[in-house]
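Just below is one structure, and these are the notes that go with it.
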């Protein structure tokens, strides 16, 4: 700080604490709602302080019947979300790494053509081409499968673009000395490029994991089999059934479970997260 | 673009780009071109035959009162979301930049909503504002405001804007704080020696110096409000009441999957694509050039 003004310091902390409280309020209400029993959650006003049923609700949500008898258990949905998020992040990183490697380190006909083809995809989010993409996936018989959930979301250039930037900053001497020592292209890729871009890969993984976990519209369209439901999309169905039989404690517990993994990733790997965010968007 | 030192041509690079190119072709190029093609067709009600009609779908959209009002609504929605989340983030970042000890703690406590899926943000807000149970309608009732976003279009709009802005504050805060922390301390100190107080310094130094970040964030926030808020709207209002919260991307989904008007929906997709491309180009120009003073 530049000067010492006790009142200003006080106001600073006051505003920040208020800001944090405002941002955290929805989560607080979720947690409180997830810790009361069903009956209490039907009386207005709803409680503002935590109750004692958190563990019971957690058990009932994870392994119990959940909302209604015929629904997919929540642990299964969590698994589906995890599978989708992992396939999207690992898949996208893998194909982007090798294509960026090819574009930066090889000279071959149509190199720039390929680059522009990939680059165009930077621009269009899946939402705007949703109908025809759905048709393609249906024709390939990939509805209700993990492949259908993940591969169409891999088709975008952000990661390729980022790795290209990273590779361009690696000094040419690396390749020269590797070649003098007799290393071929794949040896160079494995032993020099990959270790050098390790933190970039980790940072991108954090961003892609959150992106994959939080997908909503796409899984909603292509999964009709309830066994393939992801946890994020299950909230919608639960809210709809809440109009007949409101079990807000279970619904809010599910919402809490759905946002917990990505929040843990952001908070636990904050440094990588910040790095990934600033690298992929710029 | 290409390394000065590189490997000689061989089949290997083709194998390396092949997975990405195949995925791009099958799940990107082909669907996008299909959207373009379909936007020029009109299908009959049973989907049995379709007729090539050139730009009739677009002409129909231009005459469609509902579509035009959706356009206008989307503009209002996204500018309010961008304005609200950016100004809250700017204020918080301005104060967090002053904190000597514990700045990282505040950052941790403020950035996690980035990880919350839009649809979950919507679910939390719709619960807080549930007309019979929610905590806010309860308090609003005390001061004489009847809250029911299922009936009142303005309240519904306010609710989706609030949820969308709440989620985006984290992102904007992160970029604003990083921008402010990269301002050289000597500039701020010089102004302090000249007698400028904290508020004055914020307006005359910090704000102009972080303007590149502001431009960048405007584009990002508008893109966010245009596309990623689908989940919020789908879960909170489903575009209602009386389509008072239907924005462009929701209408594409609604007309295509619910209304089964494939041509019209495809034409809307094409318009959206053009908007995204324009915004991306604008963003790249700003990021490349940077607005400098």
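Residue numbers (our numbering), protein chains in the order written: chain U, 1 to 282; chain L, 1001 to 1293. Where a beta carbon is used, it is the ideal one built from N, C-alpha and C, also for glycine. In this text, all values refer to a predicted model and were calculated from it rather than measured experimentally.
Query - Nearest neighbour of residue 167 of chain U, chosen from U:139, U:146, U:198, U:143 [CA to CA] - result: Residue 167 of chain U sits at position 167 when you count from the first residue of the first chain. Of all alpha-carbon atoms in U:139, U:146, U:198, U:143, the one lying nearest the alpha-carbon of residue 167 of chain U is that of U:198.
Query raised in the report: What did DSSP end up calling residue 1291 of chain L once you bin it into helix, strand or coil?
Result: Within the second chain, residue 1291 of chain L is the residue found at index 291, counting from 1. Low local confidence applies: a pLDDT of 47 at residue 1291 of chain L is under 50, so the model's placement there is unreliable, and no value is given.
**Report entry** Closest by C-alpha distance to residue 116 of chain U, when choosing among L:1025, L:1242, L:1006, L:1010
**Finding:** Residue mapping note: residue 116 of chain U aligns to position 116 of the first chain, counting from 1. Selected option, being the one with the closest Cα: L:1025.
Query raised in the report: Does DSSP put residue 1041 of chain L in a helix, in a strand, or in coil?
Result: What you label residue 1041 of chain L is simply residue 41 of the second chain in a count that begins at 1. Of the three classes helix, strand and coil, the one that applies to residue 1041 of chain L here is strand, per DSSP.
Query - Own chain partners of residue 173 of chain U with C-beta closer than 6 Å, once the 5 adjacent residues on each side are dropped - result: Residue numbering aside, residue 173 of chain U sits at position 173 when the first chain is read from its first letter. Within the same chain, no Cβ atom closer than 6 Å to the Cβ of residue 173 of chain U is found once the five residues on either side in sequence are excluded.
Query raised in the report: Is the Cβ of residue 1149 of chain L closer than 7 Å to any Cβ of chain U?
Result: Along the second chain, read from residue 1 onward, the residue named residue 1149 of chain L stands at position 149. Residue 1149 of chain L does not count as touching chain U.
Query raised in the report: Going straight from the alpha carbon of residue 1111 of chain L to that of residue 21 of chain U, what length do you get?
Result: As a working mapping, residue 1111 of chain L is identified with position 111 in the second chain. As a working mapping, residue 21 of chain U is identified with position 21 in the first chain. Answer to the nearest angstrom: the Cα atoms are 13 Å apart.
Query raised in the report: DSSP three-state call for residue 957 of chain L: helix, strand or coil?
Result: The shown model of chain L, from 1001 to 1293, leaves out residue 957 of chain L, and the question about it has no answer.
Requested in this report: Answer with yes or no whether the minimum CB distance from residue 228 of chain U to chain L is below 7 Å.
Outcome: Residue numbering aside, residue 228 of chain U sits at position 228 when the first chain is read from its first letter. With a threshold of 7 Å between beta carbons, residue 228 of chain U makes no contact with chain L.
Query raised in the report: So, does the CB of residue 211 of chain U fall closer than 7 Å to a CB anywhere in chain L?
Result: Here residue 211 of chain U refers to the residue found at position 211 when the first chain is read from its first residue. No, residue 211 of chain U does not count as interfacial toward chain L.
Query raised in the report: So, does the CB of residue 129 of chain U fall closer than 7 Å to a CB anywhere in chain L?
Result: As a working note, residue 129 of chain U is residue 129 in the first chain. Taking Cβ atoms only, chain L reaches closer than 7 Å to residue 129 of chain U, which makes this a yes.
Report task. Using alpha carbons as the reference points, say which of L:1070, L:1096, L:1121 lies closest to residue 252 of chain U. Result -> Stepping through the first chain from its first residue, residue 252 of chain U is reached at position 252. The residue from L:1070, L:1096, L:1121 with its alpha-carbon nearest to that of residue 252 of chain U is L:1121.
Query - Which residues DSSP lists as bridging residue 1007 of chain L, in chain order - result: Within the second chain, the letter at position 7 stands for residue 1007 of chain L. Answer is U:106, bridged to residue 1007 of chain L.
Query - Beta carbon of residue 1006 of chain L nearer than 7 Å to that of residue 110 of chain U - result: As a first step, residue 1006 of chain L is located in the second chain; it is residue number 6 there, counting from the start. As a first step, residue 110 of chain U is located in the first chain; it is residue number 110 there, counting from the start. Contact flag unset, no.
Report task. Would you give the residue range spanned by the alpha helix (DSSP H) that residue 1125 of chain L belongs to? Result -> Walking along the second chain from the start, residue 1125 of chain L turns up at place 125. It spans 1118–1128 - the alpha helix (DSSP H) in which residue 1125 of chain L sits, taken as one unbroken run.
**Report entry** Contact list for the stretch 1220–1232 of chain L against chain U, Cβ threshold 9 Å
**Finding:** Answer set for the stretch 1220–1232 of chain L: 1220, 1223, 1226, 1227, 1228, 1230, 1231.
Query raised in the report: Where residue 235 of chain U and residue 1227 of chain L are concerned, what is the direct C-alpha to C-alpha distance, given to the nearest angstrom?
Result: Indexing the first chain from 1 puts residue 235 of chain U at position 235. Indexing the second chain from 1 puts residue 1227 of chain L at position 227. When only Cα atoms are considered, residue 235 of chain U and residue 1227 of chain L end up about 20 Å apart.
Query raised in the report: Listing by chain order, which chain U residues have their CB less than 9 Å from the CB of residue 1034 of chain L?
Result: For this step, residue 1034 of chain L is matched to residue 34 along the second chain. Here the neighbours are 129, 131, 132, 133, 135, 136.
Query raised in the report: Taking Cβ-Cβ distances below 7 Å as the criterion, which residues of the stretch 172–203 of chain U are in contact with chain L?
Result: Flagged, chain order: 172, 175, 176, 185.
Query raised in the report: Mapping DSSP to helix, strand and coil, what is residue 244 of chain U?
Result: Here residue 244 of chain U refers to the residue found at position 244 when the first chain is read from its first residue. In the structure shown, residue 244 of chain U sits in coil (DSSP, three-state: anything other than H, G, I, E or B).
Query raised in the report: In terms of residue numbering, what span does the alpha helix (DSSP H) encompassing residue 1221 of chain L cover?
Result: The residue you call residue 1221 of chain L lines up with position 221 of the second chain. First-last of the alpha helix (DSSP H) with residue 1221 of chain L: 1211–1223.
Query raised in the report: Taking the C-alpha atoms as reference points, what is the distance between residue 1183 of chain L and residue 1237 of chain L?
Result: Numbered from 1 along the second chain, position 183 holds the residue referred to as residue 1183 of chain L. Numbered from 1 along the second chain, position 237 holds the residue referred to as residue 1237 of chain L. Answer to the nearest angstrom: the Cα atoms are 42 Å apart.
Requested in this report: Using the Cα positions of residue 1080 of chain L and residue 272 of chain U, report the straight-line distance between them to the nearest angstrom.
Outcome: The residue you call residue 1080 of chain L lines up with position 80 of the second chain. The residue you call residue 272 of chain U lines up with position 272 of the first chain. Whole-angstrom Cα-Cα distance: 31 Å.
Query raised in the report: Going by C-alpha distance, which of L:1191, L:1151, L:1097 is nearest residue 1173 of chain L?
Result: Reading the second chain from its first residue, position 173 is the one you call residue 1173 of chain L. Cα-wise, what sits closest to residue 1173 of chain L is L:1097.
Query - Length of the line joining the Cα atoms of residue 1258 of chain L and residue 1187 of chain L - result: Numbered from its first residue, the second chain carries residue 1258 of chain L at position 258. Numbered from its first residue, the second chain carries residue 1187 of chain L at position 187. C-alpha separation (whole angstroms): 57 Å.
Query raised in the report: What whole-angstrom Cβ distance do residue 1223 of chain L and residue 1276 of chain L have, given they're in contact under 8 Å?
Result: For the purposes of this step, residue 1223 of chain L is identified with residue 223 of the second chain, where counting begins at 1. For the purposes of this step, residue 1276 of chain L is identified with residue 276 of the second chain, where counting begins at 1. Between residue 1276 of chain L and residue 1223 of chain L the Cβ distance is about 7 Å, and since that is below 8 Å, they are a contact.
Query raised in the report: Which of the three DSSP states, helix, strand or coil, is assigned to residue 1251 of chain L?
Result: Here residue 1251 of chain L refers to the residue found at position 251 of the second chain. DSSP places residue 1251 of chain L in helix when its eight states are reduced to three.
Query - Per-residue DSSP class, three states only, for residue 1147 of chain L - result: Walking along the second chain from the start, residue 1147 of chain L turns up at place 147. Here residue 1147 of chain L sits in coil by DSSP.
Query raised in the report: Rounded to the nearest angstrom, how far is the Cβ of residue 233 of chain U from that of residue 216 of chain U, given a contact under 8 Å?
Result: In the first chain, counting from the first residue as 1, residue 233 of chain U sits at position 233. In the first chain, counting from the first residue as 1, residue 216 of chain U sits at position 216. 6 Å between Cβ atoms; contact.
Requested in this report: Could you say if the stretch 257–269 of chain U and the stretch 1101–1116 of chain L meet the contact criterion of at least three C-beta pairs nearer than 8 Å?
Outcome: Yes, the stretch 257–269 of chain U touches the stretch 1101–1116 of chain L.
Report task. Please state whether DSSP places residue 1265 of chain L in a helix, a strand or coil. Result -> The count along the second chain starts at 1 and reaches residue 1265 of chain L at position 265. Assigned with DSSP and collapsed to three states, residue 1265 of chain L falls in helix.
Query raised in the report: residue 164 of chain U by DSSP, collapsed to three states: which one?
Result: On the first chain, position 164 is the one that residue 164 of chain U refers to. Helix, per DSSP.
Report task. Express the C-alpha separation of residue 1042 of chain L and residue 1060 of chain L in angstroms, rounding to a whole number. Result -> By one-based count along the second chain, residue 1060 of chain L stands at place 60. By one-based count along the second chain, residue 1042 of chain L stands at place 42. Distance between the alpha carbons of residue 1060 of chain L and residue 1042 of chain L is about 11 Å.
Report task. Take the Cβ of residue 1274 of chain L as the centre, count every other Cβ of all protein chains shown within 10 Å, and call the residue buried at 16 or more, exposed below. Result -> Along the second chain, one-based indexing puts residue 1274 of chain L at 274. Around the C-beta of residue 1274 of chain L, fewer than 16 other C-beta atoms lie within 10 Å, and the residue is accordingly described as exposed.
**Report entry** residue 1155 of chain L: contacting residues in chain U (beta-carbon distance under 9 Å)
**Finding:** Here residue 1155 of chain L corresponds to residue number 155 of the second chain, with the count starting at 1. Close to residue 1155 of chain L, with beta-carbon spacing below 9 Å, lies no residue of chain U; the smallest spacing is near 17 Å.
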